[in-house]
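K.L.:
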Amino acid sequence: MATATTSSDVRFKPVARRRVAAPEQGVLTMTNGSLSAGPSCEMDKLIVQIVGKDHSEQQQVLLVGSDGNRIYQSKSERLVNELFSSILKVWDHIEGTHLHLQIATLEGEPIRLPLLSGTKVTPRQADAQFNQIVPVLPFVALPGSKTVDDMGTPVLARAGYVYVFYQEKLWRELEIHVSENGNTYHDIDLARYRQQSGFLAGERKATGQALEDIWLPALWNNRHVQTLQLCFSEIQLSAARLERLEKDTASRDQRCNSPDLSGSKMRFKDLYKGKPDGKAMLDAFSGFDAKNPVAQALIAPIKATRLNLQYNAFPVSLAAPQRARQPGYERLLDHPARYLCDLSGQYPVESFREAKAFLAQAGRGVAVQDIRHLELTAMADALLASLPIEADAEPVDAGVLWEAQAGVVDVLENARQRQVCGVLLDDACYRLRHLRQRVDTCQQLFALCARHAVLHPHHASALLVQQLVVPRSIRGQENPLHAAMAKLHEPGRRAINQCTATVQRAVVWRHMLSAQDALVASLKQSATEQMLADHLSLEGFDYVAAMYELSRTLATLALRPSNVDPLAPGGDMMDAVTGVGLWDQAVSLGQKFLNQIASDDTSPLHLMLWPECDLQTACAPYVVPFTDDENKGDGRFRATELARFETQPAPDPIAQVTLDATTLANLLAGDSLQNFFLINNGKATTAALVGIFENLQSAADGAANAVAKASQTLASAKGNANSANAKVRSANDRLARMQERLGANADKINVNRQGRGVQQLRSMMPEHFGAAFLIRRNLVTPQHYVFGLEDLPGRESLPKTSYGEYLRPDGTPFGDIAPPHPSSIRLPKGDHLVLVIPRGHKTAQVVGDMNRTLKKFGKQQARWVTRSWVIFGRRAD
Numbered sequence: 009m010a011t012a013t014t015s016s017d018v019r020f021k022p023v024a025r026r027r028v029a030a031p032e033q034g035v036l037t038m039t040n041g042s043l044s045a046g047p048s049c050e051m052d053k054l055i056v057q058i059v060g061k062d063h064s065e066q067q068q069v070l071l072v073g074s075d076g077n078r079i080y081q082s083k084s085e086r087l088v089n090e091l092f093s094s095i096l097k098v099w100d101h102i103e104g105t106h107l108h109l110q111i112a113t114l115e116g117e118p119i120r121l122p123l124l125s126g127t128k129v130t131p132r133q134a135d136a137q138f139n140q141i142v143p144v145l146p147f148v149a150l151p152g153s154k155t156v157d158d159m160g161t162p163v164l165a166r167a168g169y170v171y172v173f174y175q176e177k178l179w180r181e182l183e184i185h186v187s188e189n190g191n192t193y194h195d196i197d198l199a200r201y202r203q204q205s206g207f208l209a210g211e212r213k214a215t216g217q218a219l220e221d222i223w224l225p226a227l228w229n230n231r232h233v234q235t236l237q238l239c240f241s242e243i244q245l246s247a248a249r250l251e252r253l254e255k256d257t258a259s260r261d262q263r264c265n266s267p268d269l270s271g272s273k274m275r276f277k278d279l280y281k282g283k284p285d286g287k288a289m290l291d292a293f294s295g296f297d298a299k300n301p302v303a304q305a306l307i308a309p310i311k312a313t314r315l316n317l318q319y320n321a322f323p324v325s326l327a328a329p330q331r332a333r334q335p336g337y338e339r340l341l342d343h344p345a346r347y348l349c350d351l352s353g354q355y356p357v358e359s360f361r362e363a364k365a366f367l368a369q370a371g372r373g374v375a376v377q378d379i380r381h382l383e384l385t386a387m388a389d390a391l392l393a394s395l396p397i398e399a400d401a402e403p404v405d406a407g408v409l410w411e412a413q414a415g416v417v418d419v420l421e422n423a424r425q426r427q428v429c430g431v432l433l434d435d436a437c438y439r440l441r442h443l444r445q446r447v448d449t450c451q452q453l454f455a456l457c458a459r460h461a462v463l464h465p466h467h468a469s470a471l472l473v474q475q476l477v478v479p480r481s482i483r484g485q486e487n488p489l490h491a492a493m494a495k496l497h498e499p500g501r502r503a504i505n506q507c508t509a510t511v512q513r514a515v516v517w518r519h520m521l522s523a524q525d526a527l528v529a530s531l532k533q534s535a536t537e538q539m540l541a542d543h544l545s546l547e548g549f550d551y552v553a554a555m556y557e558l559s560r561t562l563a564t565l566a567l568r569p570s571n572v573d574p575l576a577p578g579g580d581m582m583d584a585v586t587g588v589g590l591w592d593q594a595v596s597l598g599q600k601f602l603n604q605i606a607s608d609d610t611s612p613l614h615l616m617l618w619p620e621c622d623l624q625t626a627c628a629p630y631v632v633p634f635t636d637d638e639n640k641g642d643g644r645f646r647a648t649e650l651a652r653f654e655t656q657p658a659p660d661p662i663a664q665v666t667l668d669a670t671t672l673a674n675l676l677a678g679d680s681l682q683n684f685f686l687i688n689n690g691k692a693t694t695a696a697l698v699g700i701f702e703n704l705q706s707a708a709d710g711a712a713n714a715v716a717k718a719s720q721t722l723a724s725a726k727g728n729a730n731s732a733n734a735k736v737r738s739a740n741d742r743l744a745r746m747q748e749r750l751g752a753n754a755d756k757i758n759v760n761r762q763g764r765g766v767q768q769l770r771s772m773m774p775e776h777f778g779a780a781f782l783i784r785r786n787l788v789t790p791q792h793y794v795f796g797l798e799d800l801p802g803r804e805s806l807p808k809t810s811y812g813e814y815l816r817p818d819g820t821p822f823g824d825i826a827p828p829h830p831s832s833i834r835l836p837k838g839d840h841l842v843l844v845i846p847r848g849h850k851t852a853q854v855v856g857d858m859n860r861t862l863k864k865f866g867k868q869q870a871r872w873v874t875r876s877w878v879i880f881g882r883r884a885d
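Everything in the sequence shown is counted per the numbering used here, starting at 9 for the first residue and increasing by one.
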């Protein structure tokens with residue numbers, strides 16, 4: 009007969025008795041192949057297998073009576089195997105009982121969660137039992153930034169939250185704490201925060217005791233648990249977001265992973281024994297050369313094993329030895345996993361040494377062959393250390409980040425010995441942050457390379473030769489000046505590279521493109537969209553910060569290397585020794601992606617970034633809604649929530665909880681978001697709202713212009729081909745017709761794009777821009793202030809960066825680097841739309857005063873002031 013106790017007998021206390029049964033009561037140990045040593049005849053038993061060994065008593069499986077009070081004691085059996093060990097919990101089967109998971113807490117009653125109702129008699133099995141619980145550690149893949157082919161090696165998830173959905177309801181929410189000794193997991197008692205209509209708003213505090221792993225159901229009655237879904241989040245999800253994920257199956261499926269958690273000796277042997285482990289994955293992916301066919305063949309089995317990790321639980325022993333996570337430092341690295349998996353602490357030293365060796369060889373003008381493991385931040389710091397200190401700069405110890413770190417013990421050592429499992433979850437938020445920071449590092453390196461190059465006395469002439477003589481062709485046409493390169497011997501060619509930092513810049517150029525391509529690949533994933541919905545479903549300043557962070561990330565995609573490389577005025581560069589060149593694509597992958605989401609008003613990202621708007625709405629003053637936008641938990645644009653912060657002071661950075669909010673608050677406190685609203689409003693959150701608009705509008709405009717220019721070029725090429733043998737029409741006639749067709753199409757696109765931007769700006773800042781609207785140019789009256797067309801400063805007061813004028817042999821300037829035509833020539837004739845505001849409005853006065861005083865500013869001040877009126881002054885052509 010089974011014995012029973014009341015629930016009060018098994019309540020957990022922080023130090024006192026925590027077991028249901030006596031410590032050694034009914035414990036039987038069996039080794040591999042000795043399962044027959046168990047009871048020879050079992051009748052009506054219920055068996056639950058818990059994978060692994062040496063489990064703490066802070067998580068327990070309880071067999072509870074139908075009244076919910078009686079708890080039946082179990083007997084335990086240990087099954088020990090080299091690859092797969094487990095504990096069997098055995099009860100006499102009793103009809104009407106239920107299985108529960110009980111979790112020890114630091115305060116109050118223990119957390120009790122339902123596992124299985126309607127238990128059945130369980131026949132004993134030789135390997136995997138019919139009922140199975142798997143203790144898991146949450147892992148994430150940590151790829152590098154140098155290639156989209158890097159799938160990443162599994163490392164422990166960083167600090168954040170793990171969400172477990174079971175039977176279409178949120179079942180567990182655990183907070184991850186990270187220490188030098190490894191991760192611990194702390195449950196949140198969801199019952200305290202759940203109400204009939206959803207969840208209580210606000211913070212949910214973890215009260216569970218520190219756990220070494222997370223127990224999850226894998227098999228019930230010999231069937232896989234199909235309704236278990238997991239996800240990792242950097243932030244604690246809002247109440248609205250949790251309600252959305254519970255009710256919206258499609259969103260939950262996209263957001264969560266549903267791995268097969270079941271394990272057995274046979275299964276783990278088939279999937280993982282003798283297969284590449286985490287260390288092999290790290291070495292293969294971080295050193296992968298996509299152009300090498302041999303490398304392609306060798307990496308195939310490693311990719312197969314890596315994909316198995318994505319869909320199945322795996323033994324922790326498969327993961328590479330690693331140190332505790334340090335996300336802030338990791339984002340400085342192109343190969344963060346190589347740092348984490350170096351227990352000796354020498355990776356920073358080796359990276360800095362390799363960077364200095366690269367700079368030494370590149371400084372001789374010779375391309376370096378193997379740069380797969382080169383860390384660009386180390387390269388930037390080494391290059392900075394070699395440059396003279398600028399007059400207004402403070403001395404910086406560039407090598408401090410690259411000192412040796414203390415050697416550590418593998419944080420997975422205990423988990424390996426206990427033979428628990430891992431599950432691989434997505435961390436798209438980390439991926440976006442990491443890649444954007446890598447692009448930021450590339451921008452810094454381009455500036456440092458330019459400073460390094462100009463130190464050479466013959467820099468100016470070398471740059472001229474590189475742009476006009478070294479290329480075999482320019483804009484698709486043979487370059488007659490290239491013939492002079494045949495007279496130049498290798499020392500002279502190397503000198504050109506030296507004086508223009510070509511080798512160094514080429515490395516940065518390629519890496520920037522790779523990081524941007526990887527960023528696009530991540531943003532296209534539905535899991536990434538859902539992660540962004542997590543952040544954009546927050547409330548208050550956290551929501552403002554999430555919007556600003558996303559706008560910065562998208563603005564990164566609009567950049568081309570030549571935009572941020574001061575030594576590439578023509579949009580390309582050529583190695584004078586190898587003849588290998590780099591040039592801007594007509595439309596980059598990032599620009600294509602930006603244009604797509606900006607044009608498709610049904611895409612999830614579009615709905616998160618912009619409000620609904622049509623031309624009729626944009627052509628009338630903004631009407632402030634009577635009710636606030638509802639947070640539906642899908643991340644959609646909520647103008648009224650953003651508008652709450654239009655005139656609020658910047659919050660205290662120390663009081664912020666999320667990383668986005670802390671970052672933005674620090675930017676506001678440090679005057680890093682420079683625009684003219686800071687002058688008039690002080691350190692207000694207004695600057696962040698303007699930044700959101702500027703980042704998104706500039707990115708969308710740049711992408712649309714690139715796509716339109718590429719389409720125009722393609723149309724021109726097709727027109728030339730079709731008319732090669734037909735000279736009936738004159739060249740001028742063909743050009744006029746083409747411009748007419750393209751102009752009509754561009755007018756429609758620009759109206760939609762600019763109207764949407766106007767609506768976004770007005771809805772976020774109704775006090776400043778609610779009165780602004782689009783109007784036909786011929787309907788403007790003296791009562792209208794026209795943004796961008798009034799009180800403009802003279803050309804001489806605007807900031808300029810000039811690197812000289814390059815001429816063809818006949819003396820005419822090259823078209824790709826010729827100075828722009830005067831704005832009066834570019835201004836289209838006809839009935840176009842302009843943005844106006846009543847002349848007496850305070851914003852008109854602010855903008856007008858600022859434009860009129862631009863001439864009084866120095867170039868450095870005018871540089872950032874100009875940016876605002878250029879954005880606000882865009883015409884909807």
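Built from N, CA and C at the ideal position, the CB exists for glycine as well.
Just the C-alpha distance for A677 and L96, rounded to the nearest angstrom, thanks.
P.N.:
Stepping through the sequence shown from its first residue, residue 677 is reached at position 669. Stepping through the sequence shown from its first residue, residue 96 is reached at position 88. In a straight line, the C-alpha of A677 is about 58 Å away from that of L96.
K.L.:
Classify L463 as helix, strand or coil using the three-state DSSP reduction.
P.N.:
For the purposes of this step, residue 463 is taken as residue 455 along the sequence shown, with counting starting at 1. Of the three classes helix, strand and coil, the one that applies to L463 here is coil, per DSSP.
K.L.:
Check the C-beta distance from V528 over to L565 and give it rounded, since I have them as a contact under 8 Å.
P.N.:
For the purposes of this step, residue 528 is taken as the residue at position 520 of the sequence shown. For the purposes of this step, residue 565 is taken as the residue at position 557 of the sequence shown. Yes, V528 and L565 are in contact; Cβ-Cβ is about 7 Å, under 8 Å.
K.L.:
Look up F240 in the DSSP assignment and say whether it is helix, strand or coil.
P.N.:
Stepping through the sequence shown from its first residue, residue 240 is reached at position 232. Of the three classes helix, strand and coil, the one that applies to F240 here is strand, per DSSP.
K.L.:
Beta carbon of D100, beta carbon of K53: below 9 Å?
P.N.:
Here residue 100 refers to the residue found at position 92 of the sequence shown. Here residue 53 refers to the residue found at position 45 of the sequence shown. Against a cut-off of 9 Å, the Cβ pair of K53 and D100 comes out as a contact.
K.L.:
Under three-state DSSP, which class holds N8?
P.N.:
Any answer about residue 8 is impossible in this case: the structure gives the chain only from 9 up to 885.
K.L.:
Whole alpha helix (DSSP H) runs in the segment 279 to 344 with 4 or more residues, listed along the chain?
P.N.:
Here the runs fully enclosed are 286 to 294, 301 to 319 and 335 to 338.
K.L.:
What beta strand (DSSP E) runs, 3 residues minimum, are completely inside the segment 44 to 121?
P.N.:
Counting only runs of 3 or more, we get 53 to 59, 67 to 72, 78 to 80, 83 to 88, 94 to 100 and 106 to 111.
K.L.:
Note down, in chain order, each residue of its chain lying with its Cβ closer than 7 Å to the Cβ of L531, except the 5 sequence neighbours on either side.
P.N.:
Start at 1 with the first residue of the sequence shown, and residue 531 comes out as number 523. Closer than 7 Å at Cβ, skipping near neighbours: F601.
K.L.:
Name the one or two DSSP bridge partners that F207 has.
P.N.:
For the purposes of this step, residue 207 is identified with residue 199 of the sequence shown, where counting begins at 1. Answer by DSSP bridge pairing, in chain order: R202.
K.L.:
In terms of residues, what are the limits of the alpha helix (DSSP H) holding G191?
P.N.:
Your numbering for residue 191 matches position 183 in the sequence shown. For the sequence presented, residue 191 should be read as Asn rather than Gly. Run containing N191: none in the alpha helix (DSSP H); it sits in the beta strand (DSSP E), G190 to D195.
K.L.:
Determine, using beta carbons only, whether V233 and Y171 come nearer to each other than 9 Å.
P.N.:
Here residue 233 corresponds to residue number 225 of the sequence shown, with the count starting at 1. Here residue 171 corresponds to residue number 163 of the sequence shown, with the count starting at 1. Cβ atoms of V233 and Y171: not closer than 9 Å.
K.L.:
Give me, in chain order, the residues of the same chain whose beta-carbon lies closer than 7 Å to that of E50; leave out the 5 immediate sequence neighbours on both sides.
P.N.:
If you number the sequence shown from 1, residue 50 lands on position 42. Here the set comprises R132.
K.L.:
Considering Cα atoms alone, identify which of E775, L782 and R646 is closest to K850.
P.N.:
By 1-based counting over the sequence shown, the position of residue 850 is 842. Considering only alpha carbons, the answer is E775.
K.L.:
Beta-carbon within less than 6 Å of T666's beta-carbon, same chain only, minus the 5 sequence neighbours each way: which residues are those?
P.N.:
Looking up residue 666 in the sequence shown gives position 658. Excluding sequence neighbours, T666 sits near I243 and D550.
K.L.:
Between the segment 295 to 305 and the segment 316 to 326, can you find at least three pairs of beta-carbon atoms closer than 8 Å?
P.N.:
These segments do not touch.
K.L.:
Pull the bridge partners of Y174 from the DSSP assignment, please.
P.N.:
Taking the first residue of the sequence shown as position 1, residue 174 is located at position 166. DSSP, once it has assigned bridges, lists K177 and L236 as partnering Y174.
K.L.:
Looking at C-beta atoms only, is the number of pairs between the segment 635 to 649 and the segment 785 to 799 that lie closer than 8 Å three or more?
P.N.:
The segment 635 to 649 vs the segment 785 to 799: no contact.
K.L.:
Taking buried to mean at least 16 other C-beta atoms within 10 Å of its own C-beta, is M581 buried or exposed?
P.N.:
Walking along the sequence shown from the start, residue 581 turns up at place 573. Its Cβ being crowded by 16 or more others within 10 Å, M581 is buried.
K.L.:
Are V338 and F360 close, meaning C-beta to C-beta below 9 Å?
P.N.:
Here residue 338 refers to the residue found at position 330 when the sequence shown is read from its first residue. Here residue 360 refers to the residue found at position 352 when the sequence shown is read from its first residue. The displayed chain sequence assigns Glu, not Val, to residue 338. Contact: no.
K.L.:
In terms of residues, what are the limits of the alpha helix (DSSP H) holding A393?
P.N.:
Walking along the sequence shown from the start, residue 393 turns up at place 385. That run of the alpha helix (DSSP H) goes L384 to S394.
K.L.:
Ignoring anything shorter than 4 residues or poking outside the segment 760 to 798, list the alpha helix (DSSP H) runs there in chain order.
P.N.:
Listed in chain order, they are 774 to 777.
K.L.:
F795 and A628 look like a contact to me (Cβ under 8 Å); what is the Cβ gap, rounded to whole Å?
P.N.:
What you label residue 795 is simply residue 787 of the sequence shown in a count that begins at 1. What you label residue 628 is simply residue 620 of the sequence shown in a count that begins at 1. That pair is no contact at about 16 Å.
K.L.:
Give the straight-line distance between the Cα atoms of Q304 and P284, rounded to the nearest whole angstrom.
P.N.:
Locating residue 304 in the sequence shown gives position 296, where the first residue counts as 1. Locating residue 284 in the sequence shown gives position 276, where the first residue counts as 1. Those two C-alpha atoms are separated by around 15 Å.
K.L.:
To the nearest whole angstrom, what separates the beta carbons of A328 and G286, a pair I think is in contact under 8 Å?
P.N.:
Counting from 1 along the sequence shown, the entry for residue 328 is found at position 320. Counting from 1 along the sequence shown, the entry for residue 286 is found at position 278. Confirmed, about 4 Å.
K.L.:
Which residues in the same chain have their Cβ closer than 6 Å to the Cβ of I833, if we skip the five residues on either side of it in sequence?
P.N.:
As a working note, residue 833 is residue 825 in the sequence shown. Its pLDDT being 36, under 50, I833 is placed unreliably by the model, and the measurement read from it follows with that caveat. Nothing meets the Cβ criterion.
K.L.:
Do you know how far the Cα of A509 is from the Cα of L463?
P.N.:
Numbered from 1 along the sequence shown, position 455 holds the residue referred to as residue 463. Numbered from 1 along the sequence shown, position 501 holds the residue referred to as residue 509. Each residue's alpha carbon lies about 11 Å from the other.
K.L.:
What whole-angstrom Cβ distance do L391 and H460 have, given they're in contact under 8 Å?
P.N.:
Walking along the sequence shown from the start, residue 391 turns up at place 383. Walking along the sequence shown from the start, residue 460 turns up at place 452. Right, the Cβ-Cβ distance comes to about 6 Å (below 8 Å), so this counts as a contact.
K.L.:
Three or more beta-carbon pairs under 8 Å between the segment 421 to 440 and the segment 130 to 146, yes or no?
P.N.:
A contact exists between the segment 421 to 440 and the segment 130 to 146.
K.L.:
Check the DSSP bridge columns for G710 and list the partner residues they point to.
P.N.:
The residue given as residue 710 occupies position 702 in the sequence shown. Its beta-bridge partners do not exist; DSSP assigns none.
K.L.:
Got a sec? Which residues, its chain only, sit under 8 Å from Q889 by beta carbon, not counting five neighbours each side?
P.N.:
No answer is possible for residue 889: the residues shown for the chain start at 9 and end at 885.
K.L.:
Can you look up F8 in the DSSP assignment and give me helix, strand or coil?
P.N.:
Summary: the structure shown does not reach residue 8, with the chain confined to residues 9 through 885, and so no result is reported for it.
K.L.:
Since A523 and L443 are thought to touch, with beta carbons under 8 Å apart, how far apart are those beta carbons, to the nearest angstrom?
P.N.:
What you label residue 523 is simply residue 515 of the sequence shown in a count that begins at 1. What you label residue 443 is simply residue 435 of the sequence shown in a count that begins at 1. Confirmed, Cβ separation roughly 5 Å.
K.L.:
Drop a sphere of 10 angstroms on the beta-carbon of K273, count the other beta-carbons inside from all chains shown, and report buried for 16 or more, exposed for fewer.
P.N.:
Numbered from 1 along the sequence shown, position 265 holds the residue referred to as residue 273. Its Cβ being crowded by 16 or more others within 10 Å, K273 is buried.
K.L.:
Please return the same chain residues whose Cβ sits closer than 8 Å to the Cβ of P403, not counting the five positions on each side in sequence.
P.N.:
Mapped onto the sequence shown, residue 403 falls at position 395. Closer than 8 Å at Cβ, skipping near neighbours: I397.
K.L.:
Could you tell me whether the segment 258 to 276 touches the segment 122 to 141, where touching means 3 or more Cβ pairs closer than 8 Å?
P.N.:
Taking 8 Å as the limit for Cβ pairs, the verdict is that the segment 122 to 141 does touch the segment 258 to 276.
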